[in-house]
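Written out below as structure tokens is the structure these notes cover.
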Amino acid sequence: MKNIFAVAGVVIKELYRRKDFYVLFIITVVICGVMASINIFNDAHIVRYLKAISLLLIWISSLVIAITTTARQIPAERENRTLLPLLAKPLTRVELVLGKFLGCWLACGLTLVCFYVFFGLLAVSREHHWSAGGYFEAILLHWFLLGIITAMALLGSLVFAAPSSNSTICFVVVIGIMFAGRHLDQVAVTLSEPVRILVNALYYCLPHLEFYDVRDLVIHNWPPVAFQYVGLALLYAVFYMAVFLIGACLVFRRKPVN
Amino acid sequence: MNNSTILRTEKLRVEYRSREMRQATKVALRGLDLEVAAGEVFGFLGPNGAGKTTTMNVLLGFVPPTSGAASLFGIDVRQPIARQRIGYLPELTYYYKFLTAEELLRFYAKIFGLSRAVTDQRIAALLKLVELEAAAKRPIRSYSKGMQQRVGLAQALINNPDLLILDEPTSGLDPLGRMKVREIIQRLKNEGKTVFFSSHELGEVESVCDRVAIIHEGELKALGRVADITGTHANLEKAFLDIIGFKS
Chain A
46 MKNIFAVAGV VIKELYRRKD FYVLFIITVV ICGVMASINI FNDAHIVRYL KAISLLLIWI
106 SSLVIAITTT ARQIPAEREN RTLLPLLAKP LTRVELVLGK FLGCWLACGL TLVCFYVFFG
166 LLAVSREHHW SAGGYFEAIL LHWFLLGIIT AMALLGSLVF AAPSSNSTIC FVVVIGIMFA
226 GRHLDQVAVT LSEPVRILVN ALYYCLPHLE FYDVRDLVIH NWPPVAFQYV GLALLYAVFY
286 MAVFLIGACL VFRRKPVN
Chain B
44 MNNSTILRTE KLRVEYRSRE MRQATKVALR GLDLEVAAGE VFGFLGPNGA GKTTTMNVLL
104 GFVPPTSGAA SLFGIDVRQP IARQRIGYLP ELTYYYKFLT AEELLRFYAK IFGLSRAVTD
164 QRIAALLKLV ELEAAAKRPI RSYSKGMQQR VGLAQALINN PDLLILDEPT SGLDPLGRMK
224 VREIIQRLKN EGKTVFFSSH ELGEVESVCD RVAIIHEGEL KALGRVADIT GTHANLEKAF
284 LDIIGFKS
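These protein sequences, in sequence, are chains A and B.
Heads up: the first sequence begins at 46 in our numbering, then just goes up one per residue.
Heads up: the second sequence begins at 44 in our numbering, then just goes up one per residue.
Have a look at this one:
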């Protein structure tokens with residue numbers, strides 16, 4: 046375990062010493078700050094639109110950080126030849142993969158905290174109240190969503206040759222699942238066999254990322270979801286993280302390092 | 044196996060399968076038998092493409108052998124624990140540019156499971172040894188090639204290894220840098236450490252090595268003490284060229 050945490054620590058150091066996070070954070074802050082200063086039509090409920098757009102920007106930024114940070118981890122180690130002195134230590138490839146995942150996932154968590162603290166301050170400044178339970182659930186579910194995406198991107202980084210192609214594929218897959226994946230069962234009904242079976246199988250095999258989108262909870266200040274459902278969603282996420290990580294470990298075991 | 048044998052390969056064979064249909068399998072090592080005893084400075088020589096780096100890659104667990112066996116301290120090289128007591132300096136390598144030398148050494152020390160007190164002590168001693176004390180807190184991206192090589196040497200020594208595997212340790216260094224590496228190797232030898240290194244600088248090999256092996260096209264061509272290998276030749280370089288079959 047110490048090796049996994051050691052590798053994770055280096056990943057987190059890399060994130061806050063690179064410019065990616067700061068650029069995205071500043072862009073999000075500027076855009077949201079400008080919007081928050083505007084009071085269109087003197088509508089007291091305009092804050093909901095502000096929250097919706099801010100959360101969308103946070104989701105996009107966190108997705109970019111999660112995928113781009115993870116997609117370059119192991120390919121960059123190979124390209125920069127930092128992998129050789131690392132694997133010459135008593136560190137297994139499984140520990141390296143898990144350490145990279147943990148580092149990327151924790152880094153995502155830190156960025157989410159920063160984004161949501163900013164978002165919370167912005168919302169409170171306009172609404173003068175906030176739901177701690179709703180915010181907590183939103184951050185937790187968002188973080189576990191990013192855990193699934195991080196594990197998927199890590200597997201992709203070992204399967205696809207270039208980080209850029211892996212990033213593109215991950216973005217397309219995630220957006221595809223979020224917008225279209227949830228409707229595959231309805232699409233399957235309109236199809237004939239055997240395509241219907243394939244589409245249904247795809248529907249049940251794909252991770253349902255839409256479960257983790259609880260932005261409406263925060264935007265409309267709805268009461269939090271019962272925690273047993275949140276718990277089930279977290280277990281569902283852990284299952285898919287495990288599937289992708291096991292795949293990554295199996296692929297990496299056979300990869301040449303030089 | 045002799046109890047003092049630190050490094051051993053037995054009929055080690057490595058083949059690389061070509062992805063191209065018409066190209067044959069490339070044999071990088073053909074049944075290599077080597078033994079390195081504790082406390083030796085062992086030179087591993089050969090022309091480019093002879094199989095030196097492949098041998099090191101097998102010893103370090105990067106590449107599985109096609110057949111045969113390799114062990115370090117009696118432990119199969121495929122076990123991560125075999126690398127607990129070794130230090131490795133690759134030929135061409137770079138380190139995490141966003142880390143400082145001190146952070147890099149601390150990271151590697153954690154992987155070896157060194158306590159904080161021991162880590163602090165080792166880092167201070169190593170930075171002094173490789174003369175990087177003044178640059179210890181600067182990011183590695185700001186280092187020159189020579190400084191990066193010295194960081195490499197420091198990270199190879201962080202766990203006070205009993206066996207040091209160096210792949211062309213003086214590559215890219217100026218004469219002063221090469222002299223410092225030779226001094227470090229000699230110092231390690233005086234401390235009873237075992238050093239296994241490959242080099243094209245045969246003059247250096249002659250001055251520091253106890254025994255050498257010469258490999259060519261994946262086969263061991265010569266193995267023995269430097270003086271025995273040199274034999275009647277004027278120097279090791281001429282003996283080397285003769286052994287690999289070079290005719291001017």
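Backbone N, C-alpha and C fix where the C-beta goes; we use that ideal spot for every residue, glycine too.
Specify, as a first and last residue, the run of the alpha helix (DSSP H) that residue i falls within.
i: S212 (chain A); result: P208 to F224
i: E262 (chain B); result: Taken as a continuous stretch (DSSP letters only), E262 (chain B) belongs to no alpha helix (DSSP H), being part of the beta strand (DSSP E) at E262 to R268.
i: I112 (chain A); result: I91 to A116
i: A287 (chain A); result: F272 to R298
i: A198 (chain A); result: A177 to V204
i: G82 (chain B); result: G82 (chain B) -> no alpha helix (DSSP H), and no H or E assigned at all.
i: I71 (chain A); result: D65 to A81
Tell me whether residue i is buried or exposed, calling it buried when 16 or more other Cβ atoms sit within 10 Å of its Cβ.
i: Q164 (chain B); result: exposed
i: R366 (chain B); result: In this structure chain B extends from 44 to 291, so residue 366 (chain B) is not present and cannot be described.
i: H259 (chain B); result: buried
i: F181 (chain A); result: exposed
i: T235 (chain A); result: exposed
i: E145 (chain B); result: buried
i: M286 (chain A); result: buried
i: H187 (chain A); result: buried
i: Q273 (chain A); result: exposed
i: V79 (chain A); result: exposed
i: L277 (chain A); result: exposed
i: K54 (chain B); result: exposed
i: V120 (chain B); result: buried
i: D217 (chain B); result: exposed
i: I49 (chain B); result: buried
i: N91 (chain B); result: exposed
i: D205 (chain B); result: buried
i: C250 (chain A); result: exposed
i: R237 (chain B); result: In the sequence under discussion, the amino acid at residue 237 (chain B) is Thr, which differs from the Arg named in the question. T237 (chain B) is buried by the Cβ-count criterion.
i: G288 (chain B); result: exposed
i: P212 (chain B); result: buried
i: P135 (chain A); result: buried
i: N233 (chain B); result: exposed
Between the options, which has its C-alpha nearest residue i's C-alpha?
i: M197 (chain A); options: A:I222, A:H174, A:C159 and A:Y180; result: A:I222
i: V173 (chain B); options: B:R159, B:L157, B:V161 and B:L148; result: B:L148
i: P130 (chain A); options: B:D271, B:Q229, B:L132 and B:A125; result: B:L132
i: I105 (chain A); options: A:L132, A:R260 and A:V169; result: A:R260
i: F240 (chain B); options: B:D210, B:I124, B:L55 and B:A152; result: B:D210
i: M222 (chain B); options: B:K264, B:E247, B:K236 and B:T237; result: B:E247
i: R171 (chain A); options: A:Y94, A:L136 and A:I112; result: A:Y94
i: C294 (chain A); options: A:A111, A:L157 and A:F146; result: A:F146
i: L263 (chain B); options: B:I129, B:V70, B:T48 and B:L77; result: B:L77
i: I183 (chain B); options: B:A93, B:L102, B:S47 and B:T143; result: B:T143
i: P108 (chain B); options: B:V251, B:S242, B:T97 and B:N91; result: B:T97
i: A133 (chain A); options: B:N202, B:R56 and B:K180; result: B:N202
i: H243 (chain B); options: B:V255, B:G235 and B:N233; result: B:V255
i: A111 (chain A); options: A:L185, A:L229 and A:G192; result: A:G192
i: P252 (chain A); options: A:W267, A:F224, A:W150 and A:K300; result: A:F224
i: S110 (chain B); options: B:A125, B:K232 and B:G74; result: B:G74
With a CB to CB cut of under 6 Å and the five nearest residues on each side skipped, what residues in its chain are close to residue i?
i: D253 (chain B); result: E83 and V84
i: M44 (chain B); result: Its pLDDT being 42, under 50, M44 (chain B) is placed unreliably in this model, and the value from its coordinates should be taken loosely. So no residue of the chain qualifies.
i: S99 (chain A); result: C77 and F164
i: F304 (chain A); result: Nothing about residue 304 (chain A) can be reported from this structure: the residues present for chain A run from 46 to 303 only.
Between residue i and the rest of its own chain, which residues show a CB-CB distance below 7 Å, the 5 nearest in sequence each way excluded?
i: T162 (chain B); result: R149 and A152
i: L60 (chain A); result: F66, T114 and A152
i: D282 (chain B); result: Checking the displayed sequence, the identity of residue 282 (chain B) turns out to be Ala instead of Asp. Once the five neighbours on either side are set aside, the close Cβ partners of A282 (chain B) are I272, T273, G274 and H276.
i: P208 (chain A); result: A116, R117, P120 and S202
i: I214 (chain A); result: G201 and F205
i: I76 (chain A); result: L102
i: V288 (chain A); result: none
i: Q191 (chain B); result: Y137, Y138 and I183
i: W175 (chain A); result: G165, A168 and V169
i: I286 (chain B); result: I257, K264 and A265
i: G189 (chain B); result: L216, D217 and G220
Can you name the start and end residues of the beta strand (DSSP E) that residue i belongs to?
i: H259 (chain B); result: R254 to H259
i: R126 (chain A); result: First-last for R126 (chain A): undefined, no H or E at that position.
Leaving out five residues before and five after residue i in sequence, what residues of the same chain have Cβ atoms less than 8 Å from its Cβ?
i: E238 (chain A); result: none
i: A337 (chain B); result: Chain B is shown from 44 up to 291; residue 337 (chain B) falls before or after that span and cannot be answered.
i: L290 (chain A); result: V142, L143, F146, A196, L199 and L200
i: V92 (chain A); result: A168, R171 and E172
Complete runs of the beta strand (DSSP E) confined to the segment 160-238 of chain B [at least 3 residues]: The DSSP assignment places 206-210 as complete runs of the beta strand (DSSP E) inside the segment 160-238 of chain B, in order along the chain (cut-off: 3 residues).
Entirely enclosed beta strand (DSSP E) segments - the segment 109-150 of chain B, minimum 3 residues: DSSP assignment within the segment 109-150 of chain B yields the following whole beta strand (DSSP E) runs of 3 residues or more, N-terminal first: 110-115 and 129-132.
Whole runs of the alpha helix (DSSP H) within the segment 231-266 of chain A, excluding any shorter than 4 residues: Correct list: 240-250 and 260-264.
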